[in-house]
Amino acid sequence: MDYSILGWPGDGPTLHLDHERFAYAGKFVLPSTGKAVAREDNVIVAAAAFDADRTDGTCLRVRYVTVRDDRREAGIGPRLLALVVDRARDRGFADVKAGVNNPLAYEAFYKSGLAYTGERTGLAELVCSTAADRTVEAYRAGLSAYRERDLSDTERAFLDAHEDGDPPETVDVPESDS
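Letter by letter, the sequence shown follows residues 528 to 705 in my numbering.
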């Protein structure tokens, strides 16, 4: 698996992803956000879009993350996010945040080094941040917040399996040429 940053906000990177295989595919065409990808045999299997927070230039916001439908739950998303977090720090960002709208993505963001802040934003998104404390209580509070929602069977099963769980360990930052 190859992980790389295609470009940062202002560089104008765009991606054309298959909308039948990638959630949020249309969001990656916009040149206003930076992009990172994971490739397997030169084929994109995951992507992330990000830009500086509109009110805090020291914070990078991950706007969208998508993993190709046949490669989900293989740990690709957390490693791609870990690369974005690592490179954001290299570029001087003090914090990385994201609004997370489902428990599976919540777990992926935790694995990449973000944690629940206790805040909500947007359309029922939980705010996760690299600056937040990675406590058991915060992790479980985030999981509990998702229980209030209309969930898929997969999401409900995930919550049931992690009800009394500890936050997951963070993944290693994958090697990259970018």
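The C-beta atom is built at its ideal place from N, Cα and C for all residues, glycine as well.
| residue 570 burial status per 10 Å Cβ neighbour count (16 or more: buried) | exposed
| query | How would you label residue 510, buried or exposed, when you count the other beta carbons within 10 angstroms and need 16 or more for buried? | reply | With the chain running from 528 to 705 in the structure shown, residue 510 is simply not present.
| task | Run the CB neighbour count on residue 664, radius 10 Å, all protein chains shown included, and call it buried at 16 or more, exposed below. | result | exposed
| query | In whole angstroms, what is the alpha-carbon distance linking residue 650 and residue 531? | reply | 30 Å
| request: Could you check what DSSP says for residue 534 in three-state terms: helix, strand or coil? | output: strand
| field | C-alpha distance - residue 604 paired with residue 573, whole-angstrom precision | value | 7 Å
| request: Give the secondary structure of residue 664 by DSSP, where H, G and I count as helix, E and B as strand, and everything else as coil. | output: helix
| query | With a CB to CB cut of under 6 Å and the five nearest residues on each side skipped, what residues in its chain are close to residue 540? | reply | 533, 534, 562
| request: Name the two residues that bound the continuous alpha helix (DSSP H) containing residue 636. | output: 630–638
| With 16 as the cutoff for other CB atoms within 10 Å, does residue 684 come out buried or exposed? | exposed
| field | Between the CA atoms of residue 675 and residue 611 - distance to the nearest angstrom | value | 30 Å
| said: Let me check one thing: in DSSP terms, what residues is residue 643 bridge-paired to? | reply: 655
| said: Measuring CB atoms only, is the region 665–673 touching the region 637–645, in the sense that at least three cross pairs come out at less than 8 Å? | reply: yes
| Status (buried if at least 16 other CB within 10 Å, exposed otherwise) for residue 564 | buried
| request: Less than 8 Å between the CB atoms is what I'm expecting for residue 628 and residue 682, so what's the real figure, rounded? | output: Incorrect: roughly 11 Å between the Cβ atoms, too far for contact.
| request: Could you pull out every residue in the same chain whose Cβ sits closer than 6 Å to the Cβ of residue 544, ignoring the five residues on either side in sequence? | output: 552, 555
| Run through DSSP, which three-state label would residue 557 get? | coil
| query | Ends of the alpha helix (DSSP H) at residue 587? | reply | Taken as a continuous stretch (DSSP letters only), residue 587 belongs to no alpha helix (DSSP H), being part of the beta strand (DSSP E) at 586–594.
| said: Can you look up residue 613 in the DSSP assignment and give me helix, strand or coil? | reply: helix
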